[in-house]
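Contents: one structure, followed by commentary.
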Amino acid sequence: MQRHTDNAQAGEEPEAKQDEAPLLAEQPSSRTGLCSTRCGLTLVLHISLFMAYALRVSLSITIVAMTNSSHPHGCSGSMQITESHFPGSFCLPQAPVYSWSAETQGIILSSFFYGYGLTQALGGYCSGLFGGKPILGSGLLLSSVLTLLVPRAAELGVSFLIGLQVLLGLAEVSGGYKTSQYTLWAKWAPPLERSRLMNIADAGCTFGTFFALLVAGIICQSLGWPFVFYIFGAVGCAWCLCWFLLVYEDPAHHPWISAGEQEYIMSSLAHQGSSHGHSLPLVAMAKSLPLWAITIACFCTDWLFYMLLTSMPTFMSTVLHFDLREVSAALLSAPTGSSPPWMLLPAAFLVAVPYIGCSSTVVVVLLTLALTIISLTGAGININHIDIAPRYAGFLLGITNTFGIVAGIIAPTAVGLLVGQDLQTGWRNAFFLSAALNLFGLIFYIAFGSGTIQDWAREDTAGQ
């Protein structure tokens with residue numbers, strides 16, 4: 004018996020060493036490689052966000068083709084019919100043109116955010132409770148189906164189109180594109196790789212936005228504006244099938260992941276604890292200055308982002324007198340950058356725009372730079388949710404996104420009201436207001452932001 008015990012004890016030491024050695028040996032290889040499972044998830048999320056934002060912004064440029072710009076104060080319900088021809092081939096169904104005022108267009112563009120902002124926190128809570136895969140996939144599918152119905156809703160009237168836009172916003176909330184993504188990354192992204200993986204995935208938002216703005220203008224002039232919604236909606240429905248087939252909630256349930264990568268991911272995330280379940284430290288969250296820093300930064304950056312995203316096509320068409328192809332090409336050409344300090348540059352660009360005069364090329368460059376930089380800056384701010392509270396990342400993103408969507412509701416409406424009173428002065432005031440808000444958000448974020456896990460977000464204090 005003693006000999007057997009000694010053998011067992013002697014065997015424990017090599018076994019322990021065997022447990023340690025492979026982990027140390029596999030860690031370097033697990034951190035690299037484009038064929039890793041987490042890199043595959045990054046690509047799938049990138050394409051999914053690409054599709055989501057292409058669906059979201061399609062109306063921003065299509066509304067230029069949908070409306071009669073020669074009647075800026077026209078009746079919101081009047082409609083004209085124009086023919087649409089496919090070059091060298093056949094005539095397409097006629098595309099209606101509506102005489103919507105600038106105020107009406109602002110309300111239509113902002114109505115998406117009425118639905119999108121209603122239950123952001125609920126979307127984040129559900130993604131943490133039920134998982135990111137089913138929530139994001141179902142929302143993307145619903146958004147794609149509703150996008151197919153936009154031409155019919157516009158034909159029925161402004162109220163129907165506004166109602167459909169609200170439903171599209173609710174569909175994105177139910178899908179929780181952002182909240183579901185961060186819920187997935189809290190289970191998949193090792194801390195040392197988190198920023199890189201999430202930035203690559205989030206880049207899908209930017210590329211989807213600019214791709215949609217480019218392609219939508221071409222489709223509008225070649226096939227007619229209704230085909231923008233038909234094509235984008237159909238492609239979105241097809242991609243949803245790939246999402247449900249390729250994505251798994253966490254490494255433990257993935258059937259094809261290697262043992263080394265699975266062990267590396269799960270061991271690197273062991274310290275952050277499990278998902279939040281049903282309990283939430285709401286009082287501690289409300290008192291957290293780092294969380295308020297993220298919230299205010301999201302509001303200010305989203306104001307600028309959504310103001311530019313929804314209003315730039317109209318500005319280029321009515322002020323710079325670009326046609327749809329020129330608008331699309333101008334919106335596509337912009338370099339990239341990220342991190343919160345870059346928030347200063349968009350503010351400077353917007354202040355400069357009213358003083359440029361009639362130099363349309365310089366104006367386009369400044370506006371596209373501002374839009375691109377602010378969109379990528381938002382990705383850096385959103386990562387901060389996982390830094391301060393990985394267990395509640397989805398829920399917190401829903402909270403801060405709610406404030407951002409409030410900005411998305413107010414910004415296009417405010418632009419419509421300002422521009423409706425006076426074209427030149429209205430755009431100048433809109434740019435100045437957005438620049439001031441962006442600068443305030445930068446200062447507050449630098450003063451009170453943090454990159455460490457907060458005490459209330461630790462698993463051992465969650466129930467206290």
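For our numbering, add 3 to where a residue sits in the sequence shown, where the first one is 1. Glycine included, C-beta positions come from ideal geometry on N, C-alpha and C. Just so we're clear, the structure is a prediction, and the values are computed from it rather than from any experiment.
Where does residue i sit, in a helix, a strand or coil, going by DSSP?
i, result
"Pro99", "strand"
"Thr455", "coil"
"Tyr448", "helix"
"Pro344", "Residue placement at Pro344 is flagged as unreliable, the pLDDT there being 48, under the threshold of 50; the coordinate-derived value follows with that caveat. Note: Pro344 maps to helix in three-state DSSP."
"Gly135", "helix"
"Ile359", "coil"
"Asp253", "coil"
"Ala438", "helix"
"His388", "helix"
"Leu170", "helix"
"Leu272", "coil"
"Leu200", "helix"
"Leu226", "coil"
"Arg431", "helix"
Identify which residue in the options has its Cα closest to the Cα of residue i.
i, options, result
"Leu420", "Ser146, Ile391, Ile111 and Gly397", "Ile111"
"Ser271", "Ala192, Pro415, Leu294 and Asn202", "Ala192"
"Arg468", "Leu216, Leu442 and Pro229", "Not covered by the structure: residue 468. The range shown for the chain is 4 to 467."
"Thr150", "Tyr251, Tyr233, Phe163 and Ile386", "Tyr233"
"Thr416", "Ala98, Glu106, Val100 and Met69", "Glu106"
"Leu426", "Tyr395, Thr317 and Phe235", "Thr317"
"Ala289", "His49, Ala460, Trp103 and Val368", "Ala460"
"Thr70", "Thr45, Cys223 and His49", "Cys223"
"Met319", "Val356, Asp458 and Tyr395", "Val356"
"Pro99", "Leu139, Tyr117 and Ala157", "Ala157"
"Val67", "Ile221, Gly407 and Val409", "Ile221"
"Val153", "Ser104, Ser113, Thr65 and Leu144", "Thr65"
"Asn385", "Leu285, Ile402, Ala410 and Leu312", "Ile402"
"Ser183", "Ile165, Glu264, Leu170 and Gly134", "Gly134"
"Glu252", "Ala450, Leu139, Val409 and Leu369", "Leu139"
"Leu144", "Gln265, Ser51, Val322 and Ser102", "Ser51"
"Cys245", "Val231, Leu283 and Ser141", "Ser141"
"Pro293", "Ile389, Gly423, Gly118 and Val354", "Ile389"
"Ala450", "Gly263, Thr405 and Ala296", "Ala296"
"Asp205", "Ala410, Gly407 and Leu46", "Leu46"
For residue i, report the span of its alpha helix (DSSP H) as first-last.
i, result
"Leu195", "Neither: Leu195 is in no alpha helix (DSSP H) and is coded neither H nor E."
"Val238", "Pro229 to Leu249"
"Trp259", "Premise fails: Trp259 is in no alpha helix (DSSP H) and is neither H nor E."
"Pro154", "Val153 to Leu159"
"Leu292", "Leu292 to Thr321"
"Ile111", "Ala105 to Tyr119"
"Arg59", "Thr40 to Met69"
"Leu420", "Ala396 to Gln424"
"Ala287", "Leu285 to Ala289"
How would you call residue i, buried or exposed, if buried means at least 16 neighbouring beta carbons within 10 angstroms?
i, result
"Glu175", "buried"
"Lys136", "buried"
"Trp259", "exposed"
"Cys243", "buried"
"Cys49", "In the sequence as displayed, the identity of residue 49 is His instead of Cys. Under this definition His49 is a buried residue."
"Ser147", "buried"
"Val365", "exposed"
"Ala392", "buried"
"Gln168", "buried"
"Phe235", "buried"
"Ala438", "buried"
"His324", "exposed"
"Tyr448", "buried"
"Gly80", "Caution is warranted here: a pLDDT of 47 is assigned to Gly80, below 50, making its placement in the model unreliable, and no coordinate value can be reported."
"Leu400", "buried"
"Ile359", "exposed"
Is any non-hydrogen atom of the ligand FMN found closer than 7 angstroms to the C-beta of residue i, if you look at the structure I gave you?
i, result
"Leu139", "Looking for the ligand FMN in the displayed structure turns up nothing, as the structure carries no ligands at all."
Are at least three pairs of beta-carbons, each pair with one atom in the region 449-460 and one in the region 422-437, less than 8 angstroms apart?
-> no
Counting Cβ pairs, one atom from each stretch, are 3 or more of them under 8 angstroms apart for the region 38-49 and the region 182-200?
-> yes
On the three-pair Cβ rule with 8 angstroms, is the region 434-445 touching the region 296-313?
-> yes
Evaluate contact between the region 56-68 and the region 207-218, counting only Cβ atoms and requiring at least three cross-stretch pairs below 8 angstroms.
-> yes
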